[in-house]
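Asks:
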Amino acid sequence: MPAMGLIRHPSAAFTSFLVHFIVLSFDTTTVLSRPILGKASVANAEIISFHFLHQLSSPRKGEALKGIRQLKQYLRRFGYVNYYEKNSVSAADDDTFDELLESSLKTYQRYFSLDVTGIPDSQTLQQMMKQRCGVPDMNSGSTSMLSGSSVSLFSFFRNRRWPASQTHLTYGFLPWNNRIINIDRGKLSRVCRRAFARWSAVTHFTFEEVKDYGGAEMRIGFFRGAHGDGADFDGRGGVLAHAFAPTAGIFHLDGDETWSTTTTTTTDPGADETDLESVAVHEIGHLLGLGHSSVRDAVMYPTIPRGVKKVNLHGDDIDGIRALYNL
1 MPAMGLIRHP SAAFTSFLVH FIVLSFDTTT VLSRPILGKA SVANAEIISF HFLHQLSSPR
61 KGEALKGIRQ LKQYLRRFGY VNYYEKNSVS AADDDTFDEL LESSLKTYQR YFSLDVTGIP
121 DSQTLQQMMK QRCGVPDMNS GSTSMLSGSS VSLFSFFRNR RWPASQTHLT YGFLPWNNRI
181 INIDRGKLSR VCRRAFARWS AVTHFTFEEV KDYGGAEMRI GFFRGAHGDG ADFDGRGGVL
241 AHAFAPTAGI FHLDGDETWS TTTTTTTDPG ADETDLESVA VHEIGHLLGL GHSSVRDAVM
301 YPTIPRGVKK VNLHGDDIDG IRALYNL
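According to UniProt numbering, the sequence shown is numbered sequentially starting from 1.
(1) Would you check if there are 3 or more beta carbon pairs closer than 8 Å linking the segment 253-273 to the segment 203-222?
(2) So, do the segment 232-245 and the segment 184-200 have three or more beta carbon pairs nearer to each other than 8 Å?
(3) Just how far apart, CA to CA, sit ASP272 and SER165?
(4) In three-state DSSP terms, what is PHE78?
(5) Under 9 Å, do residue 331 and THR107 count as touching if we go by C-beta distance?
(6) Drop a sphere of 10 angstroms on the beta-carbon of LEU327, count the other beta-carbons inside from all chains shown, and report buried for 16 or more, exposed for fewer.
(7) Return the CA-CA distance between HIS314 and LEU276, expressed in angstroms with no decimal places.
(8) Is there contact here, the segment 208-218 with the segment 102-116, by at least three beta-carbon pairs under 8 Å?
(9) Measuring alpha carbon to alpha carbon, tell me which of LEU114, GLY270 and MET138 ends up nearest PHE157.
(10) Going by beta carbon distance, what residues of the same chain come within less than 6 Å of LYS309, once the five residues before and after it are set aside?
(11) Using the three-state DSSP reduction, which class does ALA43 fall into: helix, strand or coil?
(12) Could you have a look at TYR111 and say whether DSSP puts it in helix, strand or coil?
(13) Name the residue from GLY307, HIS227, HIS252 and ARG306 whose alpha carbon lies nearest to the alpha carbon of ALA280.
(14) Once the 5 residues before and after PRO59 are set aside, which same chain residues still bring their CB inside 6 Å of it?
(15) Does the distance from the CB of VAL295 to the CB of HIS282 come in under 9 Å?
(16) Which parts of the segment 153-202 are runs of the alpha helix (DSSP H), unbroken and 4 residues or longer, counting only runs that do not cross its ends?
(17) Determine the direct distance from the alpha carbon of GLY62 to that of ASP319, and round the result to whole angstroms.
(18) Does the distance from the CB of MET129 to the CB of LEU53 come in under 9 Å?
(19) Relative to the alpha-carbon of THR262, which residue among ALA195, HIS227, SER293 and ILE321 has its alpha-carbon at the smallest distance?
(20) Which of the three DSSP states, helix, strand or coil, is assigned to PHE50?
(21) Identify the continuous alpha helix (DSSP H) that holds ARG306 and give its terminal residues.
(22) With distance defined between alpha-carbon atoms, name the residue in LEU56, ARG236 and VAL81 nearest to ILE181.
(23) Rounded to the nearest angstrom, what separates HIS286 and LYS187 at their Cα positions?
(24) What are the boundary residues of the alpha helix (DSSP H) that includes ILE321?
(25) Within 10 Å of its beta-carbon, does PRO302 have 16 or more other beta-carbons around it, so buried, or fewer, so exposed?
(26) DSSP three-state label for HIS286, please.
(27) Does GLU63 come out as helix, strand or coil in the three-state DSSP assignment?
Next up, the structure:
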C-alpha cells in the first residue's frame, strides 16, 4: 500500500485552499546507519551549531559574507535545499548569497508562516535559533491536497510504515544510558510509557517496554556529538533528538540537553529545561512514520522551547497517523 494513505476528495467549497501534505523521500538502503534525515542530511555529520546565526547580519543576493556557508548547511540539513541535486556542489561550500539560497529561504519562511523576504532577516533568524527535532521538515517528493472540511498540514514518509500484522510493538532503553546522562531509570520509563500511550489511544498500536534492548522493535538511547548515524548532536540547544522511520525503530536523544522528567502530566518543566515527554511524543510520531507538521500547535511541529510541555496530540497529528494507516 502506498504511503500516501487515504486521500479524501475535497468538496468544491474548499478547492481554494492549498494544503501542504508532504511525503518525505527516504533512502531505504541505509536505514540502519542513518536517521530519517534523507538526502538532506549532512554527510558524515559535520556538527552544525546554531550559534553562527547570532553573528549573521542580513545579506543580500550576490554578497559574500561569513556565515552564509553555515546557513546553506542549516537549510540543507532540514530539507529546504540540496546543492548537490541542483548541480551546484561548489556553491554549497562558499559564503556567497546565491539565487538557490534565496529560494530556499523563501521556502523556509513559507513553512513557518513568516514574511517571505528571501533574506535571513531578524524574524527568520529567530525562528532558526529555536531548538528543534533533527528530522528535516521537507524533502523532494510532495503533493498538495485538501482533507475533508479543513486544512491539514501533516506529513509522512514515503513507503515507510509498520506492517499490518505488526501492531504490538516493543521498546527498550540503551543499557548504558546512565554513562551518557544522569537520569533516573524509573522516571525515564514512566515518561516514555505515557508518551507511547498517547499514540496508542488514537491508533491500533499497543506498546510494551522490554529489557532486551537489542531485541526490541524500538530502541531509545541518549548520545552526545558524533554517535555513528551520520547526524551528530550539537551540544545544548540546537537539535534535541532524531528518530528513524519504520521499521528501523531507532530514537536518539541529545545527552547534553537539560531534560525534565516530571512525573505528572500537568507539571511544567523548569524554565531552563526541555520536557522529555513532549520530545518523546514527537519522536514516537516519527517512529510510526509521521513527518513534521507546519501546524504550530501540533505535536509534530518541528520546534519546542524550553519550559514548555506539549504532549497532547492535536487534530492534525491524529488525522496524519490515521491517514497513514488507513484507520
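Yeah, the Cβ is synthetic: ideal placement off N, Cα and C, and Gly gets one too.
Being a predicted model, the structure only gives us computed values, none of them experimental.
Replies: In terms of the structure at hand:
(1) Touching, yes, given that three or more Cβ pairs across the two stretches are closer than 8 Å.
(2) With the cut-off at 8 Å, the segment 232-245 and the segment 184-200 do not touch.
(3) The straight-line gap from Cα to Cα measures roughly 42 Å.
(4) Residue state, collapsed to three classes: coil.
(5) For residue 331 there is no data in the structure shown, the boundaries of the chain being 1 and 327.
(6) LEU327 comes out exposed.
(7) In this structure, the alpha-carbon of HIS314 lies about 18 Å from that of LEU276.
(8) A contact between stretches requires three or more CB pairs, one per stretch, nearer than 8 Å, and the segment 208-218 fails this requirement with the segment 102-116.
(9) For PHE157, the nearest C-alpha among the options comes from MET138.
(10) Within the same chain, ASP268, ASP275 and SER278 come within 6 Å of LYS309 by CB-CB distance, once the 5 residues on both sides are set aside.
(11) Only weak support exists for where ALA43 lies, its pLDDT of 34 falling under 50; the coordinates are left without a value.
(12) Taken through DSSP and simplified to helix, strand or coil, TYR111 comes out as helix.
(13) Of the listed residues, the one whose Cα sits closest to ALA280 is HIS252.
(14) Result list for PRO59: LEU65 and PHE97, in chain order.
(15) It is not a contact, given that the beta carbons lie outside the stated cut-off.
(16) Entirely contained in the segment 153-202, the alpha helix (DSSP H) runs reaching 4 residues are, in chain order, 177-180 and 185-200.
(17) The straight-line gap from Cα to Cα measures roughly 43 Å.
(18) Yes, they are a contact pair.
(19) THR262 has its Cα closest to that of ALA195, out of ALA195, HIS227, SER293 and ILE321.
(20) PHE50 falls in the helix class under three-state DSSP.
(21) Unbroken run through ARG306: none, as it is neither H nor E.
(22) Cα-wise, what sits closest to ILE181 is ARG236.
(23) Spanning the two alpha carbons is a distance of roughly 22 Å.
(24) 315-324 is the span of the alpha helix (DSSP H), which, as asked, contains ILE321.
(25) By the 10 Å Cβ count, PRO302 comes out buried.
(26) In the structure shown, HIS286 sits in a helix (DSSP, three-state: H, G or I).
(27) If DSSP states are grouped into helix, strand and coil, GLU63 belongs with coil.
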